[in-house]
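Those protein sequence lines, which keep their order, are chains L and H. For the first sequence, counting from 1, position 85 maps to 68 in the working numbering; every step adds exactly one. For the second sequence, counting from 1, position 72 maps to 55 in the working numbering; every step adds exactly one. Ideal Cβ placement from N, Cα and C applies to all residues, glycine included. Predicted model, so just to flag it, every value in this text is computed and none were measured. Here the structure is laid out as structure tokens; the discussion comes afterwards.
There are 2 protein chains.
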Amino acid sequence: MSVQDIIVKLKEHGYKITPQRQEIVNVMAQENRHMTVDDIHGKISARFPNLSVDTVYRNVGVLEQLNMLDRTDFGDGIGRYKLVEDGGHRHHLICLKCGCSEEVDFCPLDYIDQQQIRDKNFAIARHNFEIFGYCARCSKKEE
Amino acid sequence: MSVQDIIVKLKEHGYKITPQRQEIVNVMAQENRHMTVDDIHGKISARFPNLSVDTVYRNVGVLEQLNMLDRTDFGDGIGRYKLVEDGGHRHHLICLKCGCSEEVDFCPLDYIDQQQIRDKNFAIARHNFEIFGYCARCSKKEE
DNA sequence: CTCCTAAACAGGAATTATTCTTAATAAACT
DNA sequence: AGTTTATTAAGAATAATTCCTGTTTAGGAG
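Printed below as a string of structure tokens:
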């Protein structure tokens, strides 16, 4: 999803485009990896010294609600955010060391037996699927 | 995994069996659902008024390390724990309302194209796969 | 262009899950 | 029974996230 598309979608939903919001989207599009709120805030506050963390939280919240951003937990309870890719829903290989992520062209819901879920009368709302490990660069360093 | 098996495995790894540890395992086996530390602590402190939350954290930590317990995040950054089922690794349908969970007989790693991951030189350490939604009972209540 | 209003903001306080510290306790082995 | 070492309780410390309040501003209307 391009920065432009995101801005358009925000406007469509009645959100104002502030410099802070714009910059948060810019940085996330540029970095294109799972970032903590602190990561995002750090990147931006170099240039905008008084961006509040609350603003970052508020904005990732908005982006998440509009399905333009995924929240992931590496297992430590800290939220990590990444803009969704073009074409919607994707899953990722996530490096536990550097936090980089690569798309993987696979969604388990396409393979699971949907019937067994319907049989249980379970109404699916959403799902998580993340594969954690070490990317090529970081595995090298470990050796 | 039965309570007995868990106790044996703890002993094998040199952990002592204290009443607190025993009781935490009992409650989790009995409830058999994703519980927060607060849930667990609440259940037990009725009978053991001075169980500290730290003890609960410490013990779920131990159980997690020995792969006898899964930590899951419903999306709010709060850890939820559940003993793993007999036969090892499983995935779950998790009710966002009541926290109950049902096993689903499917692991995405059995279906994903492993070659594409090897090609990226990515070393898999672990993975998450959870399906969130509303169980039969809770969907009824929503209507 | 100027005015108006709702949304967004900064700053800091409050909240809350989790971890840490320390001294006391107790499991398990000899 | 005595010793060792892990474990515990209690509360303080830490840190992510949310809340509060007063101020600013984006974007539409006149």
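* Asked: For chain L, is any of its Cβ atoms less than 7 Å away from the one on F57 (chain H)?
  -> Here the question's residue 57 (chain H) lines up with position 74 in the second sequence. Not one chain L Cβ lies under 7 Å of F57 (chain H).
* Selection from L:R41, L:D59, L:V67 and L:A29 that minimises the alpha carbon distance to A12 (chain L) -> Walking along the first sequence from the start, residue 12 (chain L) turns up at place 29. Out of L:R41, L:D59, L:V67 and L:A29, L:V67 has the C-alpha closest to the C-alpha of A12 (chain L).
* Under 8 Å between beta-carbons, which chain L residues line up against S28 (chain H)? List them in chain order, please. => The residue given as residue 28 (chain H) occupies position 45 in the second sequence. Within 8 Å Cβ-Cβ: nothing; S28 (chain H) doesn't reach chain L, min ~23 Å.
* To do: Could you tell me whether the Cβ atoms of R16 (chain H) and G82 (chain H) are closer together than 7 Å?
  => Translated into the one-based positions of the second sequence, residue 16 (chain H) becomes position 33. Translated into the one-based positions of the second sequence, residue 82 (chain H) becomes position 99. Their beta carbons are under 7 Å apart, which means R16 (chain H) touches G82 (chain H) by this criterion.
* Using the Cα positions of S35 (chain L) and P2 (chain L), report the straight-line distance between them to the nearest angstrom. => As a first step, residue 35 (chain L) must be located in the first sequence, where it is residue number 52. As a first step, residue 2 (chain L) must be located in the first sequence, where it is residue number 19. Computed Cα separation, rounded: 13 Å.
* By a C-beta neighbour count over all protein chains shown, 10 Å radius and 16 as the cutoff for buried, is S(-15) (chain H) buried or exposed? -> To locate residue -15 (chain H), count along the second sequence from 1; it is residue 2. With fewer than 16 other Cβ atoms within 10 Å, it is exposed.
* **Host beta strand (DSSP E) of V67 (chain H) (start-end)** => Reading the second sequence from its first residue, position 84 is the one you call residue 67 (chain H). Premise fails: V67 (chain H) is in no beta strand (DSSP E) and is neither H nor E.
* Asked: Run through DSSP, which three-state label would E126 (chain H) get?
  -> The residue you call residue 126 (chain H) lines up with position 143 of the second sequence. Confidence is the limiting factor: at E126 (chain H) the pLDDT is only 47, short of 50, which leaves the residue's position unreliable, though a coordinate-based value still follows. The answer is coil: DSSP assigns E126 (chain H) none of H, G, I, E or B.
* Asked: chain H partners of E85 (chain L), CB-CB under 8 Å?
  -> Walking along the first sequence from the start, residue 85 (chain L) turns up at place 102. Ordered by position in chain H, the residues that pass the 8 Å Cβ test against E85 (chain L) are K103 and F105.
* Hey, K39 (chain L) and H24 (chain L): beta-carbon distance below 7 Å or not? -> Position 56 of the first sequence, counted from the first residue, corresponds to residue 39 (chain L). Position 41 of the first sequence, counted from the first residue, corresponds to residue 24 (chain L). In the sequence on display, residue 39 (chain L) carries Val and not Lys. Yes. Within cutoff.
* What whole-angstrom Cβ distance do T19 (chain L) and I77 (chain L) have, given they're in contact under 8 Å? -> Translated into positions along the first sequence, residue 19 (chain L) becomes position 36. Translated into positions along the first sequence, residue 77 (chain L) becomes position 94. Contact doesn't hold; Cβ gap of about 13 Å is too wide.
* **Counted within 10 angstroms of its Cβ, other Cβ atoms place I0 (chain L) as buried (16 or more) or exposed** => By 1-based counting over the first sequence, the position of residue 0 (chain L) is 17. I0 (chain L) should be labelled exposed.
* To do: Quickly, what does DSSP pair D53 (chain L) with across the bridge? List them, please.
  => Position 70 of the first sequence, counted from the first residue, corresponds to residue 53 (chain L). In the DSSP output, where bridge partners are listed per residue, D53 (chain L) has L:K65.
* Run down chain L in chain order and give the residues with a C-beta less than 7 Å from the C-beta of E113 (chain H). => Locating residue 113 (chain H) in the second sequence gives position 130, where the first residue counts as 1. Under the 7 Å cutoff, chain L gives H110 and N111.
* To do: Starting from G62 (chain L), find everything on chain H with Cβ-Cβ shorter than 7 Å and list it in chain order.
  => Along the first sequence, read from residue 1 onward, the residue named residue 62 (chain L) stands at position 79. Those are G60, listed as they occur along chain H.
* H(-4) (chain H) in three-state terms, based on DSSP -> Position 13 of the second sequence, counted from the start, is the residue given in the question as residue -4 (chain H). Coil, per DSSP.
* Give the residues of chain L in contact with L79 (chain H), contact being defined as C-beta atoms less than 7 Å apart. => The count along the second sequence starts at 1 and reaches residue 79 (chain H) at position 96. The answer, in chain order, is A108.
* Determine the contact status of V10 (chain H) and K26 (chain H), defining contact as a CB-CB distance below 7 Å. => By 1-based counting over the second sequence, the position of residue 10 (chain H) is 27. By 1-based counting over the second sequence, the position of residue 26 (chain H) is 43. Contact: yes.
* Asked: Just curious, the beta strand (DSSP E) that I114 (chain H) is in, first and last residue?
  -> Translated into the one-based positions of the second sequence, residue 114 (chain H) becomes position 131. Start and end: A106 to Y117.
* Asked: Would the beta-carbon of N111 (chain H) fall within 7 Å of that of N111 (chain L)?
  -> Reading the second sequence from its first residue, position 128 is the one you call residue 111 (chain H). Reading the first sequence from its first residue, position 128 is the one you call residue 111 (chain L). Going by C-beta atoms, N111 (chain H) is nearer than 7 Å to N111 (chain L).
* Residue environment, V(-9) (chain L), which counts as buried when at least 16 other CB atoms sit within 10 Å -> By 1-based counting over the first sequence, the position of residue -9 (chain L) is 8. The residue is exposed, with fewer than 16 neighbouring Cβ atoms inside 10 Å.
* Closer than 7 Å to chain L by CB, E(-5) (chain H) -> For the purposes of this step, residue -5 (chain H) is taken as residue 12 along the second sequence, with counting starting at 1. For E(-5) (chain H), the answer is no, since every Cβ of chain L falls outside 7 Å of its Cβ.
* May I have the straight-line CA-CA distance separating E126 (chain L) from L79 (chain L), to the nearest angstrom? => As a first step, residue 126 (chain L) must be located in the first sequence, where it is residue number 143. As a first step, residue 79 (chain L) must be located in the first sequence, where it is residue number 96. Its pLDDT being 47, under 50, E126 (chain L) is placed unreliably by the model, and nothing is read from it.
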